[in-house]
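> Before I ask anything, here is the structure I am working with.
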Amino acid sequence: MLDCRSFWRAGNYEVNSSLVPSPQGTLESSDFDRARVHPKFLHSNATSHKWAFGAIAELLDNAVDEISNGAKFVKIDKMINPRDNSPLLLVQDDGGGMDPEGIRHCMSLGFSKKNSKTTIGQYGNGFKTSTMRLGADAIVFTRSKRDGYGTQSIGLLSYTFLRRTMKDDIIVPMIDFRGYEKQMQPLLYGSQNDWDDSLSIILEWSPFSLKEELVRQFEDIGSHGTKVLIYNLWMNDSGLLELDFDDDDEDICLRDRSSSEEFSRHKEVVQTHLSHTLRFSLRAYSSILYLRKFTNFEIILRGKPVEQIKITDEMKFREVITYKPQTSLGSEEAVSRTTIGFAKEAPVLGIFGINVYHKNRLIMPFWKVLQEGSSRGRCVVGVIEANFIEPAHDKQDFERTPLFIRLETKLRQVILEYWKNHCHLIGYQVPTPQSGQSKDATKNSHGLQKTSQQKSSVHHPNFSPSAKHGLRVEEKEGEQLIALPALNGSPAMPFVQDRVSGSLMKDASDFGEDHAALNGMDADDQNFDENLSEENLQLFNRCEQLQFRQTELKQTVDGLERELDRVKRKCARLSAELEARRKQRRNPDPVINIP
């Protein structure tokens, strides 16, 4: 067991730089030694997960990606380590499993074959970061059937083993078997001695001390599937496990709830709302983790299936807004639909935020696009699947690219527009126009509105004019297309509005004078939004430049500190030599005269 069981301090240990690396063989015909990865990298790599549930979500993603291989469930549960009776975390699925080559790819860094548009994983790094974030050690049991015969493989990723044995390279012992049950025979990918050495390491550092106990772990896997056991789970600063298995027998909770202290003054109903409980309840978080409900797959948490919740069903006065950003992706992949409405608890609860998904996976739950204290946008909840932007490596945020900043600006605009048109439905007063507007502008605006209303009532009697984006959407059935602001002054995409229940769809170019009049109603606001978006992009680029400059300065400071340290050592050595010479002059060796 490690000396320090706190995750955020587990990487603070001295590395014996005096150890001479063992000579490595050549890589096939290459004359170069292979790259070495120090065990410390396992810990530093896992720090990308600030949130423990984010690490569990990555393991769930691996199971969900196995649906295409026949997976019907993924099971998450607590087990007892037979070696020391401590809790360990079980994650098991009945997917296709991994053959010997597959488990070696799984244990490798940065290797991924997941290039499908539907799979969630893409970097080949999720298993390592997630398991090492949850505990110091993980052992994998996987069974697969390929080419008519079955294989079983066991792999051990142990930070404890690497540290306690002072390894300067990441070593992952793995053993493979051919056949099933009593007919299992060792499958060699090296020599018999290598296989025996790997088995010996696994038996010494895993929860199982006997080979029979290892083999017994395949009994509940079936003909194919994967079982991951994470043990030596990390603790918090108080010496308690980060994951709380005792508070709820049907859930796994986070013990540290300091991030939710701000809710302690609210009503009890607020503390039980999904937007709050997902922060510390795995059952709540996993219930909205995937946008579309599974038809033949379920997440089983501590023996009880998780009931999936569709956030759009928790709204009232819904609208669907469709827009297409200007990207290099195909037209179908770039188009995104935002479902927006009031939380069903409105106006009693001030729950608000946009839930952003990527490839069916929740990335940002209840994202506060508007400021927390703003009265505008109160109780407005939304859902969007943004496949046109890439998530960060921990899949809990998006990279702050210009495309993401433009999306944020547009979502803010959409929320404010929805609030202005619908806030009266939940008892709020409709915002009045600003008093600074000139009478002529007001008169012109009313004239345009009246004209557009007369014309739109002839062609589309079910629609009413909106103050900003043209035609107002009919509740729950309406749908409108809004273009994101274009870069460098290029024209924005036209907007389209249709009814979901019917086939009516009309391009903006068909509206003729109506479209021009409606666009002219709020030209000043549109210019303001475009200027604001451009300013955001400039600030973003400036921020990147400053971050790059900061990195350069840090490297310079580090170099100067090393040089200063070297000079100090040299001065100390010269000072010691000088002092020794001074003492020698004060006390010269006595001269002995030999008669």
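Residue numbering for the sequence shown follows the UniProt record's numbering, starting at 1 and increasing by one per position. Glycine is no exception: its CB is placed at the ideal position from the N, C-alpha and C atoms.
1) The beta strand (DSSP E) that contains S153, what's its start and end?
2) How long is the line joining the alpha carbons of V567 and E552, rounded to whole angstroms?
3) If you reduce the DSSP assignment to three classes, tell me which class L301 lands in.
4) If you pair each beta-carbon of the stretch 377 to 397 with each one of the stretch 293 to 308, do three or more pairs fall below 8 Å?
5) Taking just the CA atoms, how far does N236 sit from G155?
6) Within the continuous beta strand (DSSP E) that includes K75, where are the two ends?
7) Give me the Cα-Cα distance between G341 and F280, rounded to the nearest whole angstrom.
8) Beta carbon of K344, beta carbon of E314: below 8 Å?
9) What do you get for N421, buried or exposed, if any count of 16 or more other CB atoms within 10 angstroms of its CB means buried?
10) Taking the alpha-carbon of Q217 as reference, which of F352, A55 and L90 has the nearest alpha-carbon?
11) Can you have a look at C571 and say buried or exposed, based on whether 16 or more other CB atoms are within 10 angstroms of its CB?
12) Considering only the alpha carbon of each residue, which of D247, M364, L109 and G353 lies closest to R380?
13) Given this structure, state the Cα-to-Cα distance separating Y231 from F41, to the nearest angstrom.
14) How long is the line joining the alpha carbons of Y189 and N296, rounded to whole angstroms?
15) Is R163 near D99, with beta carbons less than 8 Å apart?
16) Run through the UniProt domain "Morc S5" (280 to 419) for me and flag every whole beta strand (DSSP E) of 3 or more residues, listed as ranges in chain order.
17) Taking 8 Å as the cut-off, decide whether the C-beta atoms of R255 and D248 are in contact.
18) Going by CA-CA distance only, name the one from S336, T327 and K310 that's closest to I321.
19) Nearest to D397 by CA position, among H424, L278 and G54, is which residue?
20) Please work out which residues of its chain come closer than 8 Å, Cβ to Cβ, to I309, disregarding the five sequence neighbours upstream and downstream, and give them in chain order.
21) Exposed or buried, F44, counting other C-beta atoms within 10 Å across all chains shown (16 or more means buried)?
22) Within 10 Å of its beta-carbon, does P186 have 16 or more other beta-carbons around it, so buried, or fewer, so exposed?
23) Any idea which residues DSSP pairs T142 with across the strands?
24) For I171, which beta-bridge partners are listed by DSSP?
25) What residue ranges within the stretch 188 to 213 form continuous alpha helix (DSSP H) runs of no fewer than 4 residues, ordered along the chain?
26) Quick one: what's got a C-beta closer than 6 Å to Y357's C-beta in the same chain, skipping five residues either side?
27) Could you tell me the distance, in whole angstroms, from the CA atom of residue 603 to the CA atom of R83?
28) Beta strand (DSSP E) containing L89: first to last residue?
29) Taking the alpha carbon of T151 as the point to measure from, which residue in I76, Y180, D93 and G222 has its own alpha carbon closest?
30) Helix, strand or coil for E70? Go by DSSP, reduced to three states.
31) Using C-beta distances below 8 Å, list every residue in its chain close to G350, excluding the 5 sequence neighbours before and after it, in chain order.
32) Which whole-angstrom value is the C-beta distance of T142 and S153, which I expect to be below 8 Å?
33) Compare the Cα-Cα distances from S223 to each of H38, I426, D93 and L411 and report the closest residue.
Well, looking at it:
1) S153 -> beta strand (DSSP E) spans Y149 to S158.
2) Distance between the alpha carbons of V567 and E552: 22 Å.
3) In the structure shown, L301 sits in a strand (DSSP, three-state: E or B).
4) For the pair of segments examined, the stretch 377 to 397 was found not to touch the stretch 293 to 308: the number of CB pairs separated by less than 8 Å stays below three.
5) If I take the Cα positions, the gap works out to 27 Å.
6) For K75, the enclosing beta strand (DSSP E) has its first and last residue at F73 to I80.
7) Within the model, the alpha-carbon separation for G341 versus F280 is close to 26 Å.
8) Their beta carbons are under 8 Å apart, which means K344 touches E314 by this criterion.
9) It is buried - the Cβ of N421 has at least 16 other Cβ atoms within 10 Å.
10) Among F352, A55 and L90, the Cα nearest to that of Q217 is on L90.
11) When all chains shown are included, C571 counts as exposed.
12) First, the amino acid is wrong: residue 380 is Val here, not Arg. Relative to the Cα of V380, the nearest Cα in the group D247, M364, L109 and G353 belongs to G353.
13) For Y231 and F41, the distance between alpha carbons rounds to 19 Å.
14) About 37 Å.
15) In this structure, D99 does not lie closer than 8 Å to R163 by Cβ.
16) List check, beta strand (DSSP E) in window: 298 to 301, 315 to 323, 336 to 343, 353 to 358, 361 to 367 and 380 to 385.
17) No; because the gap between Cβ atoms is not below 8 Å, this pair is not in contact.
18) Nearest C-alpha to I321 among S336, T327 and K310: S336.
19) Nearest option by C-alpha distance: G54.
20) Contacts found: L274, S287 and I288.
21) Checking the displayed sequence, the identity of residue 44 turns out to be Ser instead of Phe. With fewer than 16 other beta carbons inside 10 angstroms of its own, S44 counts as exposed.
22) Around the C-beta of P186, fewer than 16 other C-beta atoms lie within 10 Å, and the residue is accordingly described as exposed.
23) Paired residue(s): S153 and T226.
24) For I171, which the question treats as bridged, DSSP gives no partner whatsoever.
25) As far as the stretch 188 to 213 is concerned, its whole alpha helix (DSSP H) runs of at least 4 residues are 192 to 205.
26) Sequence-distant Cβ neighbours of Y357 in its own chain, meaning closer than 6 Å and more than five residues away, are L291 and E385.
27) Here the chain covers residues 1 to 595 and nothing more, so residue 603 does not appear.
28) That run of the beta strand (DSSP E) goes P87 to D93.
29) If we check each option's Cα against that of T151, Y180 comes out closest.
30) What sits at residue 70 in the sequence shown is Gly, not Glu. DSSP, reduced to helix, strand and coil, places G70 outside both helices and strands of the structure shown, so it counts as coil.
31) Beyond the five residues adjoining it in sequence on each side, G350 comes within less than 8 Å, by CB distance, of R378 and C379 in the same chain, given in chain order.
32) Taking 8 Å as the upper bound for CB-CB distance, T142 and S153 are in contact here, some 5 Å apart.
33) Selection H38, I426, D93 and L411 evaluated against S223 yields D93 as nearest (Cα-Cα).
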